[in-house]
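Beneath this line is the structure, given in structure tokens, with notes to follow.
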Amino acid sequence: MNDEETLRQAELRHVENATHWAGIIDRAESEARAVSPPRPCDYKRWTEAIARACGKDAVWLGSYWIIFGNNAEGLMAYTAMVARPVWPEEHQHLVEFSLRFLEADVMLFRSGYAKKNLLQRSRQARLSDDHKARLRQLVRRTLLQGTGMDEFREYCRMAVKLSPLGFEGELKEWAAQAYLTTEIPGIELIKIITQLDEKACERWVTRTRNRGARYYAVRSDLSLPLVKVADLPVENKLWRSAWLMLQHLRRCGVIAEEAE
């Protein structure tokens, strides 16, 4: 272990560091959410809310305040440190901080990258029943509200560890309604296309050759004909995410394949 990692491990063992920044998130969350919905990558509302929350706690003298400042940059510096492997043996306070960061859905520069890594660390950690229950809620929220693809993949992996999720019935119901395109990774869509009747398969090949595969989608249960991607319902974002997560759970043997 080099000197830098030794110092990092020492910082991670300080429970008060995690408690401080989790408290800052608690105070900033309601104010940040009260602002009108932001534009993509709009960090202003969280930056300002954290600055005001930190101003109420100016007496804290942790080393990361001295180095990085008691502000949004300081929060992200601490988060980046927590998001790296490996955690100390006693790490329940780090799990708690990670969950608060994920639950608040903090939006700052590189926060998406941090969330992905916090999910990785949490998946490898010792989780209490309360932690697992909160993570199940986060998995469900991710399906309903959406997230970045890298972060979504980590939620799929987390879902395997948390199984049973408690909403498998809803997951299957959503997945059955999904419209899929050839942008879906893997071979599942190829299997679906080969099950189309001859006329439908011919339409698929002709239309995708002329316009590109991304212009058309097919229902995952083959119950409806081809649909233009531009005409897909808004709910398909939820349905498609549910289908992807369900496929991952089945590949991992968590949910059994249904008999045809």
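Remember, this note's numbering sits 43 above the position in the sequence shown when you count from 1. From the three backbone atoms N, C-alpha and C, an ideal C-beta is built for every residue, glycine too.
- Beta-bridge partners assigned by DSSP to K87: none are found.
- Residues A221 of the same chain have their beta carbon placed closer than 6 Å to that of R283, with the five preceding and five following residues left out of the count.
- Where R293 is concerned, there is no enclosing beta strand (DSSP E), although the alpha helix (DSSP H) around it starts and stops at N279 to R294.
- Counting C-beta pairs closer than 8 Å gives fewer than three between the segment 270-278 and the segment 179-187, which falls short of the contact rule.
- Here the segment 168-175 does not lie against the segment 82-98, with fewer than 3 beta-carbon pairs under 8 Å apart.
- Secondary structure at A65: helix, using DSSP grouped into helix, strand and coil.
- Selection L137, D274, A126 and K175 evaluated against G155 yields A126 as nearest (Cα-Cα).
- In this structure, L265 lies away from L214, with their beta-carbon atoms at least 7 Å apart.
- The residues F144 and A157, in chain order, have a CB closer than 7 Å to that of T122 in the same chain once the five nearest residues on each side in sequence are set aside.
- A check of alpha carbon separations from Q135 across L292, E278, L287 and R56 identifies R56 as the nearest.
- With distances taken between CA atoms, A219 lies nearest to W286 out of A299, W286 and D85.
- Rounded to the nearest whole angstrom, the CA to CA distance from K159 to E54 is 21 Å.
- Taken atom to atom, the span from the alpha-carbon of P131 to that of R196 is near 25 Å.
- Rounded to the nearest whole angstrom, the C-alpha separation of A299 and A176 is 23 Å.
- For A260, the enclosing beta strand (DSSP E) stretches over residues Y259 to R262.
- Closest option to G117, judged by alpha-carbon separation, among I68, R200 and A202: I68.
- Taking the CA atoms as reference points, S206 sits about 7 Å from V297.
- For T122, the enclosing alpha helix (DSSP H) begins and ends at A115 to A126.
- When DSSP states are grouped into helix, strand and coil, L223 belongs to the strand group.
- Spatial neighbours of F140 in its own chain (CB-CB distance under 7 Å, excluding positions within 5 residues in sequence) are listed in chain order as A61, W64, A65 and V125.
- Between C295 and V203, the C-beta gap is smaller than 7 Å, which places the two residues in contact.
- Nearest Cα to A96 within the set A115, A75 and A71: A71.
- L208 sits away from S263, with the two beta carbons spaced by 7 Å or more.
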